[in-house]
Amino acid sequence: PNLGEAVGIVEVADQAKDGLVVEEVQRGYRIGEQLVRPAQVRVGKLRS
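My numbering puts the first residue of the sequence shown at 1, with every later residue one more than the last.
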């Protein structure tokens, strides 16, 4: 499920972190199973 909204990219040196959430900018909220607000996150991108 899509629980995060990508709001930025962070360069990472570790290939294992490429494409993964590396930082939460703003917390998301759910009420039961319903998503009220997705978390705003930054995603890792492998340094070239």
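We treat Cβ as the ideally placed atom computed from N, Cα and C, and that holds for glycine. Computed from a predicted model, the values in this text were never measured in an experiment.
| Check | Outcome |
| --- | --- |
| Spatially closest choice to residue 48 from 26, 13 and 39, by CA coordinates | 13 |
| Beta-carbon contacts of residue 37 that lie in its chain and below 7 Å, excluding the five residues immediately before and after | 28 and 29 |
| In DSSP terms, what residue 45 is bridged to | 11 |
| Alpha carbon of residue 15 to alpha carbon of residue 44, nearest angstrom | 9 Å |
| Between the CA atoms of residue 5 and residue 26 - distance to the nearest angstrom | 10 Å |
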